[in-house]
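The numbers in my numbering rise by one with no breaks, and the one at position 388 of the sequence shown is 1104.
Each residue gets a CB set at the ideal place from its N, CA and C atoms; glycine is no exception.
The model shown is predicted, which means the values in this text are computed figures rather than measured ones.
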Amino acid sequence: MKISGISISKKVCSFEPKFKSVTRQVNMLDAWDEFAFKPFVSQQAMGPGTKTGYFVEINTDEGISGHYGFVESRPELLVIMDGLKDYLIGKDPLDNRMLWDMMSRFDRHARSGLMMMAISVLDVALWDLKGKILGQPVYKLLGGGRSKIRPYISALGFSVEPEDAKKKALEIKALGIRAQKWFFRYGPTHGAEGKRKNLDMAFALREALGDDYDLMFDSYMGWTVNYARNIFQELEAVRPLWVEDTIRIHLLDAYRNLRDSTNIPLAGGEHLYTRMEVNAYLQDNIFAVMQSDPVWCGGITETLRIADLCEMYGVTLIPHGHSLMPAMHVVASMPPDVCPYCEYLMIFMNQKNAFFKAPAIDADGFMALNDTPGLGEDIDPERLISSEVIHSFEF
């Protein structure tokens, strides 16, 4: 069997949002007043409508296809069609680890950024294809035996006003969920008032959820070391399981300084590419939790390598939840003490799963892995409105 073609299609499905974003988190651009104090405007649909997404499909000469989607960054698609397709066409799709290595060498800059993100997309599609060829779900091909895993809920987009946050957090807890992550809205530019609002939210959540509940926070690289040190002095009383993306990811020395000045565990890594970048943070014991993203860091192939590396260092791996199913298959293939959770962004996943029959959270707070071949992200024909191939390359 050979790879005979690669195509990119634009698909439209019916979409009815279950949730609405009402706020955003602090971010890097908030260092500048014009962004920090800019009013929040939700980009999300306010009512029933449609959702558009781009999908990558890898075809074989025996009529079996694998796909991944939807892809949101169109530059990734250009890298795939203009740079990477030639490394796959005519090759055996079961040689996916070898194909990963070839793609990672195709350009001097392929080790990171959009090029590695494009490689990640193709790698995930190749795993979907491999599962369909062999008639097995991906997590079984990875050697996994966990048929269900626990999600933690990311509450990005929900109100961070203390009473609103407490109410929503209790609703989430009632679903059987044992861990939640909330997002700080304010950073250094917002001054003492913003700091107090951050802490008010954090203490309100701890009070609502109880002392033994896993509670985490994210500041999306919008803080400085000094601001983090200052706020951490009070936040330690909340006992967060971790605080994530505290400062910009490339500031390794700054992270060392922050690690040495707090008892709060740090987490991050979704913006690191490949095990080579991850290893620098593991060697220096920066993060208690590594959060590599399978569709950014190098695909399922590379996330598995990172998982093994994390286990060696005694660091937990909980993949970033940009795309649910690839992360679930990786988590299901690892021991629970290495990968205890899978991230589920409650608002965002509602959009990402618009094309699929998404895995449901059961009454005990678990999500079940699919038993169908591949990733299990097969498009629901009842939701699909249109599909148009916009790029195609055949052998």
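Counting along the chain, no alpha helix (DSSP H) covers TRP958; the unbroken beta strand (DSSP E) around it starts and ends at 958-960. Annotation for GLY785: the continuous beta strand (DSSP E) segment containing it runs 781-787. In the three-state DSSP reduction, HIS966 falls in the coil class, being neither helix nor strand. Cβ neighbours of ASP823 within its own chain (closer than 7 Å, five residues either side excluded): GLY799 and MET831. By the criterion of at least three beta-carbon pairs nearer than 8 Å, the region 846-858 is not in contact with the region 1029-1039.
Taking ALA920 as the centre and dropping the five residues before and after it, the same chain places the C-beta of PRO878, GLU879, ALA881 and LYS882 closer than 8 Å to its C-beta, in chain order. Annotation: the continuous alpha helix (DSSP H) that includes HIS1045 extends over 1040-1048. With respect to PHE751, ASN1066 sits apart: the two C-beta atoms are not nearer than 8 Å. Per the DSSP secondary-structure output, LEU931 pairs in a beta bridge with GLN896. Looking at ASP927, LYS897 and GLN852, the one whose alpha-carbon comes closest to that of GLY1090 is GLN852. The beta carbons of ALA871 and PHE899 sit closer together than 8 Å. Between the region 1058-1078 and the region 825-840, the count of C-beta pairs closer than 8 Å stays below three; the two stretches do not touch. A residue is called buried once 16 or more other Cβ atoms fall within 10 Å of its Cβ, and TRP816 is buried on that count.
Beta bridge pairing from DSSP links TYR770 with LYS726 and VAL787. Contact between the region 966-984 and the region 994-1006 is established, with three or more Cβ pairs separated by less than 8 Å. Between the region 1047-1060 and the region 719-730, the count of Cβ pairs shorter than 8 Å is below three; the stretches do not touch. Straight across, the Cα-Cα distance linking SER730 with PHE771 is about 16 Å.
The count of Cβ pairs closer than 8 Å, one atom from the region 738-757 and one from the region 932-943, reaches three, so the stretches are in contact.
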